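Q: Below is a structure I'd like to ask you about.
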Amino acid sequence: ARFLEVEQELALKDAVKKFIRRFNYVEVEATKSDRNLQDMNLQEMDVLWEKSKDQEKKF
Numbered sequence: 002a003r004f005l006e007v008e009q010e011l012a013l014k015d016a017v018k019k020f021i022r023r024f025n026y027v028e029v030e031a032t033k034s035d036r037n038l039q040d041m042n043l044q045e046m047d048v049l050w051e052k053s054k055d056q057e058k059k060f
């Protein structure tokens, strides 16, 4: 952040918000499919994570 002249605290806050938004998407989509995150493997969760990123690009 220092080399890019980005305010570190703001960059971290934005990254955390993005993570929370994506994680919420994964939880909601899993619930829609009657799935529990604890029962899903990493590959299944990663598919939902990538879909959340695609959804963000649309807006």
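Residue 31 in the working numbering sits at position 30 of the sequence shown, and the numbers go up by one each step.
Think of the CB as a built atom: it goes at the ideal place given N, C-alpha and C, for glycine as much as any other residue.
Note that the structure is predicted; figures quoted are calculated from it, not measured.
#1: How far does the alpha helix (DSSP H) with Gln44 in it reach, from first residue to last?
#2: Report back the beta-carbon spacing between Glu28 and Leu38 to the nearest angstrom; my notes put them in contact at under 8 Å.
#3: To the nearest angstrom, how far is it from the Cα of Asn42 to the Cα of Glu51?
#4: What do you reckon, are the CB atoms on Leu49 and Ala31 nearer than 8 Å?
#5: Rounded to whole angstroms, what's the CA-CA distance from Gln44 to Phe60? Just pull it up for me.
A: Quick answer:
#1: Note, Gln44: alpha helix (DSSP H), Leu43 to Lys59.
#2: Sure, about 7 Å apart at Cβ, within 8 Å.
#3: Cα-Cα distance, rounded: 15 Å.
#4: Annotated as proximal: Leu49 and Ala31, with beta-carbon spacing under 8 Å.
#5: As the crow flies, the alpha-carbon of Gln44 is around 25 Å from that of Phe60.
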